[in-house]
Amino acid sequence: MDKTNSINNQESFAVNKTAKLSWFGFFMALPPVLVIICFVGAPILIAAGLSLGFTGGPNRIIALIGQEISTKTHWWGTLDGYKSVINDPRFGGDLRVTLGVTVVATTIVIFMALGMAIYRRVIGGRLATILVSLSLIPLFVPVVISAFAIRTFYDGTGFVKSLLTHFGIDFPTLTMTNSAIAIGTIWTSLPFAILMISSGLQAIPDALIESAQDAGASFIRIIYTIMVPLAFVPIVIATTFTAIGIMGSFTIPYFLGPNQPAMLGVEITNFFNSYNRPQQSVVMAFVIFGAASLIAIFYVWANLRSAKQSGRI
Amino acid sequence: MSNSTGSGGLELQGLKKILGGRVIIDDLNLTVNKGEMVSLLGPSGCGKTTTLRMIAGFLIPDAGRVVLAGNDVTNTGPEKRPSAMVFQNYALWPHMSVYKNVAYPLKLRKMNKSEITKRVHNVLELVNLMHHKDSRPSQISGGEQQRVALARALVQEPDVLLLDEPLSNLDAKLRVKVREDIRDLQRRLGITTVIVTHDQDEALSISDRIAVMNGGRIEQFSSPQELYDRPATEYVANFIGSLNHLTGDYSNGRVTVGTKTIGIRPEDVHFTSTNESNGFEATVDHVVPRGHFSEVYLKREDAELRAFMSTNIPAVGEKGYAVIKKALIYENGKLLKVE
Numbered sequence: 001m002d003k004t005n006s007i008n009n010q011e012s013f014a015v016n017k018t019a020k021l022s023w024f025g026f027f028m029a030l031p032p033v034l035v036i037i038c039f040v041g042a043p044i045l046i047a048a049g050l051s052l053g054f055t056g057g058p059n060r061i062i063a064l065i066g067q068e069i070s071t072k073t074h075w076w077g078t079l080d081g082y083k084s085v086i087n088d089p090r091f092g093g094d095l096r097v098t099l100g101v102t103v104v105a106t107t108i109v110i111f112m113a114l115g116m117a118i119y120r121r122v123i124g125g126r127l128a129t130i131l132v133s134l135s136l137i138p139l140f141v142p143v144v145i146s147a148f149a150i151r152t153f154y155d156g157t158g159f160v161k162s163l164l165t166h167f168g169i170d171f172p173t174l175t176m177t178n179s180a181i182a183i184g185t186i187w188t189s190l191p192f193a194i195l196m197i198s199s200g201l202q203a204i205p206d207a208l209i210e211s212a213q214d215a216g217a218s219f220i221r222i223i224y225t226i227m228v229p230l231a232f233v234p235i236v237i238a239t240t241f242t243a244i245g246i247m248g249s250f251t252i253p254y255f256l257g258p259n260q261p262a263m264l265g266v267e268i269t270n271f272f273n274s275y276n277r278p279q280q281s282v283v284m285a286f287v288i289f290g291a292a293s294l295i296a297i298f299y300v301w302a303n304l305r306s307a308k309q310s311g312r313i
Numbered sequence: 314m315s316n317s318t319g320s321g322g323l324e325l326q327g328l329k330k331i332l333g334g335r336v337i338i339d340d341l342n343l344t345v346n347k348g349e350m351v352s353l354l355g356p357s358g359c360g361k362t363t364t365l366r367m368i369a370g371f372l373i374p375d376a377g378r379v380v381l382a383g384n385d386v387t388n389t390g391p392e393k394r395p396s397a398m399v400f401q402n403y404a405l406w407p408h409m410s411v412y413k414n415v416a417y418p419l420k421l422r423k424m425n426k427s428e429i430t431k432r433v434h435n436v437l438e439l440v441n442l443m444h445h446k447d448s449r450p451s452q453i454s455g456g457e458q459q460r461v462a463l464a465r466a467l468v469q470e471p472d473v474l475l476l477d478e479p480l481s482n483l484d485a486k487l488r489v490k491v492r493e494d495i496r497d498l499q500r501r502l503g504i505t506t507v508i509v510t511h512d513q514d515e516a517l518s519i520s521d522r523i524a525v526m527n528g529g530r531i532e533q534f535s536s537p538q539e540l541y542d543r544p545a546t547e548y549v550a551n552f553i554g555s556l557n558h559l560t561g562d563y564s565n566g567r568v569t570v571g572t573k574t575i576g577i578r579p580e581d582v583h584f585t586s587t588n589e590s591n592g593f594e595a596t597v598d599h600v601v602p603r604g605h606f607s608e609v610y611l612k613r614e615d616a617e618l619r620a621f622m623s624t625n626i627p628a629v630g631e632k633g634y635a636v637i638k639k640a641l642i643y644e645n646g647k648l649l650k651v652e
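Here it is in structure tokens:
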């Protein structure tokens with residue numbers, strides 16, 4: 001009987017200890033959760049309220065100062081702010097530029113990163129290591145400095161144009177064009193994409209590639225039937241993060257892009273600061289957020305697909 | 314260059330491979346007849362996997378030739394060789410189903426869909442995996458994964474099947490079953506097979522011939538029985554089976570003072586209570602039960618011997634006579650005679 005009691009006591013001690021530990025874990029996780037709720041979650045909700053015409057409470061002052069503020073007409077708000085932005089032809093141009101630059105730059109970044117990562121994975125050696133190391137340099141250069149460097153490099157009086165003029169070639173001035181934004185965003189986005197995709201490809205065991213070779217697959221075939229599918233999740237992560245980063249970028253388009261149409265990152269700032277139209281700037285931010293959410297859904301789908309394939313779910 | 318060989322199987326001529334400045338394979342010659350199953354047996358680092366990778370085409374030899382089914386393939390890439398390999402960790406592609414894994418080599422050969430389906434179904438039936446054709450590799454057991462890898466190799470109908478330690482990741486019971494399955498399939502299909510293993514039991518039980526490797530060379534290439542009964546070198550004798558070592562001269566079951574190495578298989582040592590035939594006095598030091606037999610350690614002042622006994626197991630401390638029935642006599646590591 002005593003023995004049974006002792007076992008019961010031990011069990012209840014273990015249960016108590018587990019319960020205490022779970023509370024301890026909860027309190028350990030609480031500070032970052034609270035920070036996110038207070039400093040990220042709440043501002044998002046308040047901004048969403050402003051975009052829908054909730055001009056009271058925390059939005060009262062900004063609604064008083066801002067111009068062209070629509071106020072809610074239903075209990076759920078109003079879509080007048082969204083309508084005014086969508087009907088503005090300027091926004092259409094901005095959105096097209098933003099999506100266009102994002103698609104073009106992301107595609108180039110991913111193909112360049114894939115090329116570099118495949119070269120490192122398949123050929124390897126010192127040169128591949130040096131190239132990958134060099135490709136990481138942009139990570140350590142502040143964006144504002146690289147933006148100015150690119151600007152002076154491709155400017156009307158820049159290095160490229162000056163050099164080619166000596167050979168009688170009239171090279172176009174790229175600064176203040178969307179091409180310059182693409183070049184700048186490729187420069188800033190490439191290191192992360194290379195790191196991500198390279199680590200994904202490096203993690204593929206040699207035997208999986210050799211078995212495809214043994215089955216008769218050519219090099220190109222191995223890339224698209226074995227290597228890319230096996231590194232699918234890192235490639236998706238690199239693609240989504242690059243696309244979302246480029247879509248919301250400010251510094252590069254601000255320094256290198258044209259005045260109009262501009263990328264939405266710049267335009268949102270202009271509407272908020274220069275034109276004093278905070279509601280429209282918040283609406284644009286939510287449109288960008290919507291586009292980014294679609295990319296995020298793709299990311300989640302890719303992760304679920306991978307988990308299913310590997311039998312984790 | 315095409316050069317015909319008489320065997321129609323596999324021929325390795327004077328192979329040499331240097332990796333990282335170290336000679337891994339040195340002047341290796343081996344002929345595997347068509348339909349034969351040969352094991353490359355040796356400890357880690359002896360060069361058996363390097364040899365297999367040279368046969369498969371993943372490594373190009375620094376010297377020598379690889380002739381597969383009568384054709385010199387020394388400088389041909391693995392994708393063009395008439396061989397198929399089963400990798401140590403099976404190397405199944407996790408993003409493809411069992412069916413797609415097996416069908417992959419056929420798709421590369423641009424076969425029509427119905428032919429691919431027919432051949433894949435045939436080979437999956439052969440390895441008893443039809444019920445798993447839509448499963449992912451992660452959803453099936455290690456033994457089943459091994460069979461998928463085998464099916465993927467067999468579906469290519471290769472001239473030579475290469476197996477790189479295919480059973481090393483399986484538990485002991487499954488290993489015995491899968492090795493029997495492999496042997497059975499190999500016999501039924503009559504496919505020339507080279508298997509790399511460090512497990513002597515595995516090699517002895519499934520091979521027609523075994524090449525025992527040491528330091529990048531083949532020490533002996535014989536049938537399992539000959540390898541066990543007449544190991545050509547002391548190294549092979551030590552590697553295959555168990556061995557008692559004595560130093561001296563051997564004659565008529567008696568060991569006298571001398572310089573030769575005498576190897577005695579434990580099953581060739583008998584322990585009797587009466588001295589019937591040239592035995593020498595010994596005491597049972599300890600006994601280790603091994604299931605269907607016991608390992609009996611016999612001791613006398615100047616020597617120790619192990620005997621494998623399955624009946625009349627003596628007790629510890631029991632005095633009697635150790636009788637040597639057969640001895641392998643070596644001088645400078647080479648077999649002089651079996652007596």
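Top to bottom, those sequences are chains P and D. Counting from 1, position 108 in the first sequence corresponds to residue 108 in the working numbering; the numbering is continuous, with no gaps. Numbers in the working numbering are just positions in the second sequence, counted from 1, shifted up by 313. Backbone N, C-alpha and C define an ideal beta-carbon position, used for all residues, glycine too.
Check, Outcome
"Cβ contact check for the segment 462-476 of chain D and the segment 388-404 of chain D: 3 or more pairs under 8 Å", "yes"
"Burial state of H408 of chain D, where buried means 16 or more other Cβ atoms lie within 10 Å", "buried"
"Short Cβ contact (7 Å threshold) for Q459 of chain D with V491 of chain D", "yes"
"Cβ shell of K20 of chain P (< 6 Å), same chain only, five flanking positions each side left out", "none"
"Nearest-angstrom Cα separation, counted from K446 of chain D out to G456 of chain D", "15 Å"
"For S249 of chain P and I194 of chain P, believed in contact at Cβ under 8 Å, the rounded distance", "About 18 Å separates the two Cβ atoms, so there is no contact after all."
"Cβ shell of L648 of chain D (< 6 Å), same chain only, five flanking positions each side left out", "A545"
"Contact set between Q469 of chain D and chain P, taken where Cβ atoms lie within less than 8 Å", "A215, G216"
"Same chain, Cβ closer than 8 Å to S314 of chain P, five either side skipped, listed in chain order", "No answer is possible for residue 314 of chain P: it lies beyond the span of chain P, which begins at 1 and ends at 313."
"First and last residue of the uninterrupted beta strand (DSSP E) at V411 of chain D", "Note, V411 of chain D: premise wrong, no beta strand (DSSP E); alpha helix (DSSP H) at 411-421."
"Contacts around S352 of chain D, its chain only, beta-carbon distance under 6 Å, and the 5 residues preceding and following it disregarded", "I508, T510, A516, S520, I523"
"Contact list for the segment 390-422 of chain D against chain P, Cβ threshold 7 Å", "P391, E392, A397, M398, F400, N402, A404, W406, P407, H408, Y417, P418, L421, R422"
"Q202 of chain P at chain B interface by Cβ criterion, 7 Å", "Reference to chain B is not applicable here, since the protein chains of this structure are P and D."
"Inter-residue spacing [alpha-carbon to alpha-carbon] between E652 of chain D and L201 of chain P", "60 Å"
"Residue closest to E470 of chain D, alpha-carbon to alpha-carbon, out of D:P418, D:N425, D:D497", "D:P418"
"Buried or exposed (CB count within 10 angstroms, at least 16 for buried), S315 of chain D", "Because S315 of chain D sits at a pLDDT of 38, beneath the cut-off of 50, its placement in the model cannot be relied upon, and the point is left open."
"Start-end ranges of the beta strand (DSSP E) lying completely within the segment 451-485 of chain D, minimum 3 residues", "473-477"
"Residue burial classification, G203 of chain P (beta-carbon count within 10 angstroms, cutoff 16)", "A quick correction: the sequence has Ala, not Gly, at residue 203 of chain P. The residue is exposed, with fewer than 16 neighbouring Cβ atoms inside 10 Å."
"Run of the beta strand (DSSP E) containing I331 of chain D, from where it starts to where it stops", "323-332"
"C-beta neighbour in chain P for F371 of chain D, strict 7 Å", "yes"
"Beta-carbon proximity of I337 of chain D to K330 of chain D, cut-off 7 Å", "yes"
"Contacting positions in the segment 220-254 of chain P - beta carbon closer than 8 Å to chain D", "R221, T225, I226, P229, L230, F232"
"Extent of the continuous beta strand (DSSP E) run through M424 of chain D", "M424 of chain D -> no beta strand (DSSP E), and no H or E assigned at all."
"Chain D contact for S199 of chain P (CB, 7 Å cutoff)", "no"
"A64 of chain P to A231 of chain P span [Cα, whole Å]", "Going by the sequence as given, residue 64 of chain P is Leu instead of Ala. About 52 Å."
"Below-7 Å beta-carbon distance, E267 of chain P vs any chain D residue", "no"
"Residues of its chain near K638 of chain D, where Cβ-Cβ distance is below 8 Å and the 5 sequence neighbours each way are ignored", "G566, D581, V582, H583"
"Cutoff 7 Å: A207 of chain P Cβ touching any chain D Cβ", "yes"
"Terminal residues of the beta strand (DSSP E) in which E617 of chain D lies", "616-622"
"Minimum Cβ-Cβ distance from Q309 of chain P to chain D less than 7 Å", "yes"
"Between the CA atoms of P258 of chain P and R394 of chain D - distance to the nearest angstrom", "58 Å"
"As assigned by DSSP and simplified to three states, the class of Q533 of chain D", "strand"
"For I373 of chain D: DSSP bridge partner residues", "DSSP, once it has assigned bridges, lists no residue as partnering I373 of chain D."
"Reduced DSSP category for L498 of chain D - H, G, I as helix; E, B as strand; rest coil", "helix"
"Own chain partners of F371 of chain D with C-beta closer than 7 Å, once the 5 adjacent residues on each side are dropped", "P391"
"Environment of S317 of chain D [buried if 16+ CB atoms lie within 10 Å]", "Any answer about S317 of chain D is weak, because its pLDDT of 42 lies below 50 and its placement is not dependable; what the coordinates show is given next. S317 of chain D should be labelled exposed."
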